[in-house]
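Position 45, counted from 1, in the sequence shown is what the numbering used here calls 53; the numbers after and before it change by one each time, with no gaps.
What follows is a set of notes on a single structure, which appears directly below.
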Amino acid sequence: MTIIDGKKVAQEIRNELKEKVAGLKSAYGKVPGLVTIIVGENPASKVYVRMKHKACEEVGMNPKIEALPATTSEDELVSLIKKYNNDENFHGILVQLPLPEQIDEDKIIETISPEKDVDGFHPVNVGKLLIGQDTFEPCTPAGVVELLKRYNIETKGKHVVVVGRSNIVGKPVAAMLLQKKEGANAIVTVCHSAANNLSDYTKSADILIAAIGRPRFITGEMVKEGVVVIDVGINRVDAPETKKGYKLVGDVDFDDVSQKASFITPVPGGVGPMTIAMLLNNTYKSFLRKQK
Ligand code: L34
């Protein structure tokens, strides 16, 4: 059994990007810029935004954080996004989700210029992804596919079972692995909590992608021997014995499932760090496209 080291791979990707960004600096005299907008005080969001900022700095890009109060109106947020749509120093605009309830997420995502949508959430980019056109691949799904590639895990002809149907993970990762191209070509099943018997599906997975959002939901009984398990879940569970009072666990019961898996990602240190590395990659890509 191999534990897939997302933290290490993400570091490798950042090292590669650092060199490429240095190349941009000498070729164009400028570097990619990323603005991250956070509304409100969601503690997990704050952690992620902070990590995105630091990662940008590490690779030599130009990050900026716009932190807005929880009471921000939809109109105010729309205006701010439009300002950055027109600011050529910023090649990527990311609005950290979730947003407070007075703000319509769909509306906000549609306000971001598709050319700067480094999350790959804009309907135009989602459409391109589905039909196999060049676009920004959403960061978490891109991280999943990149981990499979870097661990030489064959996807062609394999049965990938995705548990979860979110717009951020389930749907796009299914679309990506279904494509007729290198690193994809999989037979993809998407299932979710409404399944009559979820195990019927998960047991037939060669590669299981868990993106449900429920702690330790996937147990050993639900998978077959030799399965490759990619755990996208990041759940905070109470842990009074720790300093923070909580710990992170995935959607997979790691101790149980790792008995049967051939490869498995841990939480933390699996897909999470890859999300951020792929965000940097998209920002780099956005910059390059702009120069052409
Ligand atoms: N717009 N909103 C937008 N884009 C995204 O791509 C995200 N996401 C998700 C939440 N909202 C978003 C993220 O950035 C989840 N997410 C994310 C990013 C990074 C990590 C986890 C989730 C991560 O690096 N996790 C670390 C542990 C971090 C910790 O200590 O809390 C890990 O090793 O898994």
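By construction, the Cβ of each residue, glycine as well, lies at the ideal position given by its N, Cα and C atoms.
Here the structure is a predicted model, which is why all the values come from computation and not from measurement.
Thinking C-beta only, is Ala-213 closer than 9 Å to Lys-232?
Mapped onto the sequence shown, residue 232 falls at position 224. Mapped onto the sequence shown, residue 213 falls at position 205. In this structure, Ala-213 lies closer than 9 Å to Lys-232 by Cβ.
Is the number of C-beta pairs between the segment 259-274 and the segment 10-19 that are closer than 8 Å three or more?
yes
For Asn-94 and Val-153, the rounded distance between their alpha carbons:
Within the sequence shown, numbered from 1, the residue matching residue 153 stands at position 145. Within the sequence shown, numbered from 1, the residue matching residue 94 stands at position 86. Roughly 32 Å between the two C-alpha positions.
Which listed residue (Glu-123, Gly-172, Ala-285) has its alpha carbon closest to that of Glu-24:
For the purposes of this step, residue 24 is taken as the residue at position 16 of the sequence shown. Of Glu-123, Gly-172, Ala-285, the residue nearest in Cα terms is Ala-285.
Could you tell me if Thr-163 is buried or exposed, where buried requires 16 or more neighbouring beta carbons within 10 angstroms of its beta carbon?
Stepping through the sequence shown from its first residue, residue 163 is reached at position 155. The residue in question, Thr-163, is buried, as its Cβ has 16 or more Cβ neighbours within 10 Å.
For Tyr-36, is the classification buried or exposed, using 16 other Cβ atoms within 10 angstroms of its Cβ as the cut-off for buried?
By 1-based counting over the sequence shown, the position of residue 36 is 28. Looking at its Cβ environment, which holds fewer than 16 other Cβ atoms inside 10 Å, Tyr-36 is exposed.
Can you check which of these residues, Val-43, Cys-64, Thr-80, is closest to Glu-49 by C-alpha distance?
Position 41 of the sequence shown, counted from the first residue, corresponds to residue 49. It is Thr-80.
The alpha helix (DSSP H) that contains Val-132, what's its start and end?
For the purposes of this step, residue 132 is taken as residue 124 along the sequence shown, with counting starting at 1. Start and end: 131-138.
Please tell me whether Gly-41 and Gly-128 are closer than 9 Å, where the distance is taken between their beta carbons.
Here the question's residue 41 lines up with position 33 in the sequence shown. Here the question's residue 128 lines up with position 120 in the sequence shown. No, the Cβ-Cβ distance between Gly-41 and Gly-128 is not below 9 Å.
How many Å lie between Lys-251 and Val-257 at the Cα?
Your numbering for residue 251 matches position 243 in the sequence shown. Your numbering for residue 257 matches position 249 in the sequence shown. Distance between the alpha carbons of Lys-251 and Val-257: 16 Å.
Bridge partners for Asp-246 per DSSP, in chain order?
Within the sequence shown, the letter at position 238 stands for residue 246. Paired residue(s): Tyr-254.
Answer yes if the segment 130-145 comes into contact with the segment 167-174, meaning at least three C-beta pairs across the two stretches below 8 Å, and no otherwise.
no
Express the C-alpha separation of Val-67 and Arg-22 in angstroms, rounding to a whole number.
Along the sequence shown, read from residue 1 onward, the residue named residue 22 stands at position 14. Along the sequence shown, read from residue 1 onward, the residue named residue 67 stands at position 59. Each residue's alpha carbon lies about 6 Å from the other.
Whole angstroms is fine: what's the gap from Lys-60's alpha carbon to Ala-247's?
For the purposes of this step, residue 60 is taken as residue 52 along the sequence shown, with counting starting at 1. For the purposes of this step, residue 247 is taken as residue 239 along the sequence shown, with counting starting at 1. Taking the straight line from one Cα to the other gives about 26 Å.
Bridge partners of Asn-239, per DSSP?
Along the sequence shown, read from residue 1 onward, the residue named residue 239 stands at position 231. One point to set straight first is that residue 239 is Asp, not Asn, in the sequence displayed. Beta-bridge pairing links Asp-239 to Ala-218.
Cβ-heavy atom distance, Met-59 to the ligand L34, below 8 Å:
Residue numbering aside, residue 59 sits at position 51 when the sequence shown is read from its first letter. Answer for Met-59: yes, Cβ within range of the ligand L34.
My output table needs one value for Lys-72: the three-state DSSP class, helix, strand or coil.
Counting from 1 along the sequence shown, the entry for residue 72 is found at position 64. Lys-72 falls in the strand class under three-state DSSP.
Among Pro-122, Pro-77, Ile-215, whose alpha-carbon lies nearest the alpha-carbon of Tyr-92?
In the sequence shown, the residue the question calls residue 92 occupies position 84. Cα-wise, what sits closest to Tyr-92 is Pro-122.
I need the straight-line Cα distance from Glu-27 to Asn-160, nearest angstrom please.
Start at 1 with the first residue of the sequence shown, and residue 27 comes out as number 19. Start at 1 with the first residue of the sequence shown, and residue 160 comes out as number 152. Their backbone Cα atoms lie some 24 Å apart in a straight line.
Contacting residues, own chain, Cβ-Cβ under 7 Å from Met-282 (five flanking each side not counted):
For the purposes of this step, residue 282 is identified with residue 274 of the sequence shown, where counting begins at 1. Here the set comprises Gly-14, Val-17, Ala-18, Gly-151, Glu-154, Leu-155.
Roughly how many whole angstroms lie between the Cα atoms of Leu-296 and Glu-145?
For the purposes of this step, residue 296 is taken as the residue at position 288 of the sequence shown. For the purposes of this step, residue 145 is taken as the residue at position 137 of the sequence shown. Roughly 15 Å between the two C-alpha positions.
Spatial neighbours of Ala-203 within its chain, please: CB distance less than 8 Å, with the 5 preceding and 5 following residues excluded, ordered by chain position.
For the purposes of this step, residue 203 is identified with residue 195 of the sequence shown, where counting begins at 1. Counting only Cβ-Cβ distances below 8 Å, and skipping sequence neighbours, we find Tyr-209.
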